Amino acid sequence: MKALAILLTALLVAAWISAIAILAIQNFSPVSLRFLGFQSIEMPVGLVLAFSVALGTLGTAIAQPLLGLSSFQREDDEDY
Numbered sequence: 001m002k003a004l005a006i007l008l009t010a011l012l013v014a015a016w017i018s019a020i021a022i023l024a025i026q027n028f029s030p031v032s033l034r035f036l037g038f039q040s041i042e043m044p045v046g047l048v049l050a051f052s053v054a055l056g057t058l059g060t061a062i063a064q065p066l067l068g069l070s071s072f073q074r075e076d077d078e079d080y
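When we follow UniProt numbering, the leftmost residue of the sequence shown carries the number 1, and every step to the right adds one.
Here it is, written out as structure tokens:
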């Protein structure tokens, strides 16, 4: 069962990476981001999207153990 979950996760990540690559190739025009009065340098849309996905994935990977949102149950928490 664990191997199936790993396989599905890998397929989902591969699909997202493929979608980002296709979007990056088709949208090469540079954009500039503005947030709270700050403005970034101009960069392609695909690069902005790739950075956003990477930052979100990294943030989720860090936040899950810190907030206790793991899907695995601890052995001492067997109240059921």
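Every residue gets a Cβ at the ideal spot worked out from N, C-alpha and C, and that includes glycine.
Since this is a predicted model, take the numbers as computed values, not measurements.
Requested in this report: Look up F28 in the DSSP assignment and say whether it is helix, strand or coil.
Outcome: Coil.
**Report entry** Residues bridged to M43 (per DSSP)
**Finding:** Per DSSP, the beta-bridge partners of M43 are V31.
Requested in this report: Report the residue from T9, W16, A5, A3 whose alpha carbon sits nearest the alpha carbon of F51.
Outcome: Of the candidates T9, W16, A5, A3, W16 places its Cα closest to the Cα of F51.
Query raised in the report: So, do the stretch 32-41 and the stretch 6-24 have three or more beta carbon pairs nearer to each other than 8 Å?
Result: no
Report task. Quick one: residues in its chain with C-beta nearer than 6 Å to the C-beta of V45, no 5 flanking neighbours on either side, listed in chain order? Result -> N27, V31
Requested in this report: Go through its chain and collect everything with a Cβ distance to W48's Cβ below 8 Å, but skip five positions before and after it.
Outcome: Sequence check: residue 48 is Val here, not Trp. For V48, where only same-chain residues beyond five positions count, the Cβ hits under 8 Å are V31, L33.
Requested in this report: Can you tell me which of V53, L7, T9 puts its alpha carbon nearest to the alpha carbon of L23?
Outcome: Closest option to L23, Cα to Cα, is V53.
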